[in-house]
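So that you can map any letter, position 3 of the sequence shown is 498 in this note's numbering, and since no number is skipped, the others follow by simple counting.
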Amino acid sequence: MSDPISSPLSRRDFLSTSAKLGAVIASAPYISRAAEVGAARNGDTVNIAIIGCGVEGTILYNAAKNIPDIRFVAVCDIWPYNLTSTERRLKAFKQDVKPFEDYREMLATVKELDAVVIATPDFMHAEHTNAALKAGKHVYCEKLMSNTVAGARSMVQTARETKKLLQIGHQRRSNPRYLHARDKIVRDARMLGRITNISGQWHRAVTDDFGVPKNQQMSAEKLAKYGYANMHEYRNWRWFKKYAGGVVSDLGAHQIDVYNWMLGANPRMCIASGGVDYYKTHEWYDNAIGIYEYPTKDGIVRATYEVLTTTSAGGGYHEYFMGDEGALKMSENPKFTKLYREARAPEWDQFVTQKLISRPDSGEGATAGLKPWDKPRQRLAIPSKVPVGASAGGPAKVDVRETAQLSAWDIPVTLDKAIHQPHLENFFDAMRKGASLNCPGEDAFATTVTVLKVNEAIAAQKMLTFAPTDFVA
Ligand SMILES: NC(=O)c1ccc[n+]([C@@H]2O[C@H](COP(=O)([O-])OP(=O)(O)OC[C@H]3O[C@@H](n4cnc5c(N)ncnc54)[C@H](O)[C@@H]3O)[C@@H](O)[C@H]2O)c1
Numbered sequence: 496m497s498d499p500i501s502s503p504l505s506r507r508d509f510l511s512t513s514a515k516l517g518a519v520i521a522s523a524p525y526i527s528r529a530a531e532v533g534a535a536r537n538g539d540t541v542n543i544a545i546i547g548c549g550v551e552g553t554i555l556y557n558a559a560k561n562i563p564d565i566r567f568v569a570v571c572d573i574w575p576y577n578l579t580s581t582e583r584r585l586k587a588f589k590q591d592v593k594p595f596e597d598y599r600e601m602l603a604t605v606k607e608l609d610a611v612v613i614a615t616p617d618f619m620h621a622e623h624t625n626a627a628l629k630a631g632k633h634v635y636c637e638k639l640m641s642n643t644v645a646g647a648r649s650m651v652q653t654a655r656e657t658k659k660l661l662q663i664g665h666q667r668r669s670n671p672r673y674l675h676a677r678d679k680i681v682r683d684a685r686m687l688g689r690i691t692n693i694s695g696q697w698h699r700a701v702t703d704d705f706g707v708p709k710n711q712q713m714s715a716e717k718l719a720k721y722g723y724a725n726m727h728e729y730r731n732w733r734w735f736k737k738y739a740g741g742v743v744s745d746l747g748a749h750q751i752d753v754y755n756w757m758l759g760a761n762p763r764m765c766i767a768s769g770g771v772d773y774y775k776t777h778e779w780y781d782n783a784i785g786i787y788e789y790p791t792k793d794g795i796v797r798a799t800y801e802v803l804t805t806t807s808a809g810g811g812y813h814e815y816f817m818g819d820e821g822a823l824k825m826s827e828n829p830k831f832t833k834l835y836r837e838a839r840a841p842e843w844d845q846f847v848t849q850k851l852i853s854r855p856d857s858g859e860g861a862t863a864g865l866k867p868w869d870k871p872r873q874r875l876a877i878p879s880k881v882p883v884g885a886s887a888g889g890p891a892k893v894d895v896r897e898t899a900q901l902s903a904w905d906i907p908v909t910l911d912k913a914i915h916q917p918h919l920e921n922f923f924d925a926m927r928k929g930a931s932l933n934c935p936g937e938d939a940f941a942t943t944v945t946v947l948k949v950n951e952a953i954a955a956q957k958m959l960t961f962a963p964t965d966f967v968a
């Protein structure tokens, strides 16, 4: 579980302060390790089912296929088109899956099931997750945790009651490059100095709405049974208010989650602007721009976030953390990732060398058991000598430390597997070995509250504030 360490309003601090003040924290600490609840299955095969076999369900099973000792035993989807193709592909991969239209029937009849992966539209996450947890299964559920705060809260509470694991699919939290950036660059070495600002964006070109392949319509009765108005809304659920939270939830959720995670803090206010300015067939805003203020122990961090779905101009998608000594541009796409050093940063190379190489756990013989990105050789986030003219746009003659320009560096940690795989591995490690979840429901709840506030602020057309208690489920 991410461990907030840098903010005066981190969850841990908030909880202890609240307790001192006599505030009522009704719930027990969230269970983020299966070992704590006696459910570790160290070394065992884990039997899983998938509910929701669309685009993301397919991505997840393709990633899970690469993880040893995972057995697919069932798949569930209301659309025969997706259900049969997933069943066929998994059977081709020698996984003897049983197909189901109704998740209740699946949970009631597939006795050997250990865990359920949920990749249905957001408005179904609470129902599917709560049912699976109550049936005694651990759950990996996709983001956004829910399209409502109440739905997300119910998921955390059910996980607590059932003592089952609940991991939410904010997969950047398990990406070794992101972990290296947060744990080594930002926290251990403080290479950004004092973080003052964050900007983040996802700029995507115009896309057409999804259509329906020939002869693959579902009947009006069947659609109504599962809560869909018609086939168009069923296919394009993310743009309609009943089913999802629009662009800030669909794309922004990943990145706003990283703001909270990197700072170990939750914001105290939000203002936003947005609208349905372009698309004729969408209910949700097609662009949204939000501003948050985060209180941290180093001072206020002001953060902007911008999601546009009508242009890919301006550099794709990234989260940019800016401090008085350096800046870090993170992205799930490694080509957008960069570390920048301010010319004023004192002795950065030496600082990094000392800070990162002399850590107690990096001594000779101490590397066994460390994750690959922890190994000393890779631990050097930047070269030990600052090269001349590193980023001045060509072979400059001056030492970048003497110019006013930022010097740019690559982060040497790479991900050599599918981007969702480490997050799934972390979920299975929590089940089998008692590892801590990287995104337990409790953390994702705080993200859900943060993300959905943008839509609220756009509608309210004014600044909205958060109370620390808003982030506690
Ligand atoms: N983590 C990521 O990077 C990432 C990327 C894309 C999508 N997602 C998330 O994954 C989820 C699914 O998104 P998608 O793009 O795959 O959508 P999709 O429309 O392609 O797939 C959704 C699937 O769920 C099925 N479904 C709908 N209602 C159901 C029900 N009641 N019971 C069983 N099956 C049902 C649909 O038939 C469809 O096959 C969303 O929550 C989305 O936010 C996450």
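Cβ atoms here follow ideal geometry from the backbone N, Cα and C, with glycine treated the same way.
Next item on the list: Drop a sphere of 10 angstroms on the beta-carbon of Gln459, count the other beta-carbons inside from all chains shown, and report buried for 16 or more, exposed for fewer.
Entry: Shown here, the chain extends from 496 to 968; a query on residue 459 therefore has no answer.
Note to self: Does the beta-carbon of Val753, which I'm using as the reference point, lie nearer than 7 Å to any heavy atom of ligand 1?
What the structure shows: The residue you call residue 753 lines up with position 258 of the sequence shown. For ligand 1, not one heavy atom lies less than 7 Å from the Cβ of Val753.
Margin query: Determine whether the beta carbon atoms of Asp704 and Val742 lie at a separation below 8 Å.
Written below: To locate residue 704, count along the sequence shown from 1; it is residue 209. To locate residue 742, count along the sequence shown from 1; it is residue 247. Not closer than 8 Å, so no.
Checklist line | For Arg927, the three-state DSSP class (helix, strand or coil) | finding: Locating residue 927 in the sequence shown gives position 432, counting from the first residue. Looking at Arg927 - three-state DSSP - the assignment turns out to be helix.
Checklist line | The beta strand (DSSP E) enclosing Met817, as first and last residue numbers | finding: Residue numbering aside, residue 817 sits at position 322 when the sequence shown is read from its first letter. Start and end: 812-818.
Next item on the list: Please indicate yes or no: does the CB of Ile784 lie closer than 7 Å to some heavy atom of ligand 1?
Entry: The residue given as residue 784 occupies position 289 in the sequence shown. No - ligand 1 has no heavy atom lying nearer than 7 Å to the Cβ of Ile784.
Check: Starting from Gln696 and walking both ways along the beta strand (DSSP E), at which residues does that stretch end?
Finding: Walking along the sequence shown from the start, residue 696 turns up at place 201. Segment 690-698, the beta strand (DSSP E) holding Gln696.
Note to self: Can you give me the C-alpha to C-alpha distance between Glu859 and Asp683, rounded to a whole angstrom?
What the structure shows: For the purposes of this step, residue 859 is identified with residue 364 of the sequence shown, where counting begins at 1. For the purposes of this step, residue 683 is identified with residue 188 of the sequence shown, where counting begins at 1. Summary for Glu859: the model assigns pLDDT 32, below 50, so the residue's position carries little reliability; its value from the coordinates is reported in the next sentence. Straight-line Cα distance between these residues: approximately 20 Å.
Next item on the list: Tell me whether Lys679 is buried or exposed, calling it buried when 16 or more other Cβ atoms sit within 10 Å of its Cβ.
Entry: Counted from its first residue, the sequence shown places residue 679 at position 184. Under this definition Lys679 is a buried residue.
Note to self: Quick check on the burial criterion: 16 or more other C-beta atoms within 10 angstroms. Buried or exposed for Arg927?
What the structure shows: Reading the sequence shown from its first residue, position 432 is the one you call residue 927. Burial of Arg927 is indicated by the presence of at least 16 other C-beta atoms within 10 angstroms of its C-beta.
Check: For the beta strand (DSSP E) that contains Phe595, what are its first and last residues?
Finding: Position 100 of the sequence shown, counting from 1, holds the residue named residue 595. Counting along the chain, the beta strand (DSSP E) containing Phe595 begins and ends at 593-595.
Next item on the list: Determine the contact status of Leu674 and His633, defining contact as a CB-CB distance below 8 Å.
Entry: By 1-based counting over the sequence shown, the position of residue 674 is 179. By 1-based counting over the sequence shown, the position of residue 633 is 138. At a Cβ-Cβ threshold of 8 Å, Leu674 and His633 do not count as neighbours.
Check: Mind checking Glu637: buried by the 16 CB within 10 Å criterion, or exposed?
Finding: Translated into positions along the sequence shown, residue 637 becomes position 142. It is buried - the Cβ of Glu637 has at least 16 other Cβ atoms within 10 Å.
Next item on the list: Go to Pro616, then tell me how far its beta strand (DSSP E) extends in each direction, as first and last residue.
Entry: Along the sequence shown, read from residue 1 onward, the residue named residue 616 stands at position 121. That residue, Pro616, is in no beta strand (DSSP E); it is neither H nor E in DSSP.
Margin query: At the level of alpha carbons, what is the spacing between His620 and Asn731?
Written below: Position 125 of the sequence shown, counted from the start, is the residue given in the question as residue 620. Position 236 of the sequence shown, counted from the start, is the residue given in the question as residue 731. Each residue's alpha carbon lies about 17 Å from the other.
Notebook entry, point to check: Is the stretch 785-794 in contact with the stretch 685-701, if contact means three or more CB pairs nearer than 8 Å?
Noted result: Cβ pair count under 8 Å is three or more, so yes.
Next item on the list: Determine which residues share a DSSP beta bridge with Phe997 and list them.
Entry: In the structure as shown, the chain starts at 496 and stops at 968, and residue 997 therefore has no counterpart that could be examined.
Next item on the list: Please name the residue or residues paired with Val802 in a DSSP beta bridge.
Entry: The sequence position of residue 802 within the sequence shown is 307, counting from 1. Val802 pairs with Trp697, Ala783.
Notebook entry, point to check: What does Gly794 pair with, by DSSP beta-bridge criteria?
Noted result: Within the sequence shown, residue 794 is the residue found at index 299, counting from 1. Paired residue(s): Thr791.
Notebook entry, point to check: If you check the beta carbons only, do His665 and Asp752 fall under 8 Å apart?
Noted result: Start at 1 with the first residue of the sequence shown, and residue 665 comes out as number 170. Start at 1 with the first residue of the sequence shown, and residue 752 comes out as number 257. Closer than 8 Å, so yes.
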